[in-house]
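Undergrad: First the structure, which I've put down as structure tokens, then a few questions once you've had a look.
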Amino acid sequence: MAIKYKLIQRRDFTKGAQPTDKKYYATLVSNGTASLEEICESISEETALTSADVKSCLDRLPRIIARHLREGRNVQVGELGSFRFVLCSSGADTEKEFDAATMMRTPKLVFTPGMVLKDVREKATYTRVTKKPEGEETTGGGEETESPGTV
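Sequential numbering from 1 applies to the sequence shown in the UniProt record's numbering.
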């Protein structure tokens, strides 16, 4: 799998950089979006379920996950991964001084990918997408492949 990216020039935010200093940074080039309908069709082609059955299950999944999170549970969703809350708060010098109403921040919801998703991430490579200069023809659709790297 090749992750496509392009280079964008932005302000240099490294420590000690001048406000006028600029650097090039990689930014993702998306290849589109897979809709829920496409996902449901793909799953139905590989299982005995109809597309409507799959959609029904996927529609309920966020509600079920939310219910278990509200109950204070971590939620493991098979090879997809797991969901859990992480708390952040300001500190207090003593237990008595701690006020949850003012010191607690909104909890973060953390998703940890399962092995299948970790594997696809670890095997990812990069492909740089470049614009061809005006009046100049390039081969390969304007793409330049770089050495494989990991994400």
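For glycine and all other residues, C-beta sits at the position ideal for the given N, C-alpha and C.
#1: Give the DSSP-derived three-state secondary structure of Ser30 in the structure shown.
#2: Ile65 and Phe83 - do their beta-carbons sit closer together than 8 angstroms?
#3: Please list the terminal residues of the continuous beta strand (DSSP E) segment that includes Thr102.
#4: Give the C-beta separation of Ala26 and Leu49 to the nearest angstrom, bearing in mind that I take them to be a contact with Cβ-Cβ under 8 angstroms.
#5: Quick one: what does DSSP say Lys131 is sitting in, helix, strand or coil?
#6: Less than 8 angstroms between the C-beta atoms of Leu80 and Leu58, yes or no?
#7: Looking at C-beta atoms only, is the number of pairs between the region 92-101 and the region 120-134 that lie closer than 8 angstroms three or more?
#8: Secondary structure at Pro62, three-state DSSP: helix, strand or coil?
#9: Going by the beta-carbon positions, is the gap between Lys55 and Asn31 smaller than 8 angstroms?
#10: Quick one: grab the DSSP three-state call for Ala52.
#11: Assuming contact is defined by CB atoms lying nearer than 8 angstroms, are Ala2 and Thr127 in contact in what I supplied?
#12: Around the Cβ of Cys88, are there at least 16 other Cβ atoms within 10 angstroms (buried) or fewer (exposed)?
#13: Would you kindly work out how many angstroms separate the C-alpha atoms of Gly141 and Ala124, rounded to a whole number?
#14: Where Arg105 and Val75 are concerned, what is the direct C-alpha to C-alpha distance, given to the nearest angstrom?
TA: Taking the geometry as given:
#1: In the structure shown, Ser30 sits in coil (DSSP, three-state: anything other than H, G, I, E or B).
#2: It is a contact, given that the beta carbons lie within the stated cut-off.
#3: For Thr102, there is no enclosing beta strand (DSSP E); the enclosing alpha helix (DSSP H) has its first and last residue at 100-103.
#4: The C-beta separation of Ala26 from Leu49 comes to about 39 angstroms, leaving the pair out of contact by the 8 angstroms criterion.
#5: Looking at Lys131 - three-state DSSP - the assignment turns out to be coil, as it is neither helix nor strand.
#6: Not closer than 8 angstroms, so no.
#7: Touching, no.
#8: If DSSP states are grouped into helix, strand and coil, Pro62 belongs with the helices.
#9: No; because the gap between Cβ atoms is not below 8 angstroms, this pair is not in contact.
#10: Helix, per DSSP.
#11: In this structure, the beta-carbon distance from Ala2 to Thr127 falls below 8 angstroms.
#12: So Cys88 ends up on the exposed side.
#13: Its pLDDT being 44, under 50, Gly141 is placed unreliably in this model, and the value from its coordinates should be taken loosely. Rounded to whole angstroms, the separation of the alpha carbons of Ala124 and Gly141 is 21 angstroms.
#14: The straight-line gap from Cα to Cα measures roughly 22 angstroms.
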